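Visitor: Here it is, the structure, as structure tokens.
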Amino acid sequence: MKQPLTVTCPTCKAPVEWGPHSPHRPFCSERCKLIDLGAWAAEEHAIPGENLEDELFSGDLPPRDH
Numbered sequence: 013m014k015q016p017l018t019v020t021c022p023t024c025k026a027p028v029e030w031g032p033h034s035p036h037r038p039f040c041s042e043r044c045k046l047i048d049l050g051a052w053a054a055e056e057h058a059i060p061g062e063n064l065e066d067e068l069f070s071g072d073l074p075p076r077d078h
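Going by the working numbering, the final residue of the sequence shown carries number 78, and the count climbs one at a time with no gaps.
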């Protein structure tokens with residue numbers, strides 16, 4: 013019998029079995045999914061890259077604190 017793939021919930025670190033019976037994967041629950049979404053909305057998470065926005069609007073707006 014094949015062992016099911018298990019991942020770690022990014023929010024609470026609980027094990028989550030990867031499959032159709034885990035609708036919030038990679039999260040263990042709707043709650044953890046919403047906590048992560050809130051962190052993105054609050055800009056607590058960011059994808060690394062160049063600050064193009066500051067370059068585009070540097071003459072129009074004061075620089076943002078990152």
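For each residue, glycine too, the CB sits at the ideal point set by N, CA and C.
Nothing here was measured: the structure is a model prediction, and the numbers come from that model.
Can you check whether the CB of P38 is closer than 8 Å to the CB of V19?
Guide: Taking the first residue of the sequence shown as position 1, residue 19 is located at position 7. Taking the first residue of the sequence shown as position 1, residue 38 is located at position 26. Yes, Cβ-Cβ distance for V19 and P38 is below 8 Å.
Visitor: For L49 and Q15, what's the separation of their Cα atoms in angstroms?
Guide: On the sequence shown, residue 49 is found 37 positions in, with the first residue counted as 1. On the sequence shown, residue 15 is found 3 positions in, with the first residue counted as 1. Using only the alpha carbons, I get a separation of about 30 Å.
Visitor: Could you compute how far the alpha carbon of A26 sits from the alpha carbon of M13?
Guide: Within the sequence shown, numbered from 1, the residue matching residue 26 stands at position 14. Within the sequence shown, numbered from 1, the residue matching residue 13 stands at position 1. Rounded to whole angstroms, A26 to M13 spans 24 Å at the Cα level.
Visitor: Enumerate in chain order the residues of its own chain whose CB-to-CB distance from E42 is below 8 Å, with the five nearest sequence positions on each side excluded.
Guide: Within the sequence shown, residue 42 is the residue found at index 30, counting from 1. Closer than 8 Å at the Cβ level, and outside the excluded window around E42, lie H36.
Visitor: Once you ignore the five residues that flank C24 on each side, which residues in its own chain have a CB closer than 6 Å to its CB?
Guide: In the sequence shown, counting from the first residue as 1, residue 24 sits at position 12. Excluding positions up to five away in sequence, the list reads C44.
Visitor: Taking the C-alpha atoms as reference points, what is the distance between L17 and E29?
Guide: As a working mapping, residue 17 is identified with position 5 in the sequence shown. As a working mapping, residue 29 is identified with position 17 in the sequence shown. The straight-line gap from Cα to Cα measures roughly 6 Å.
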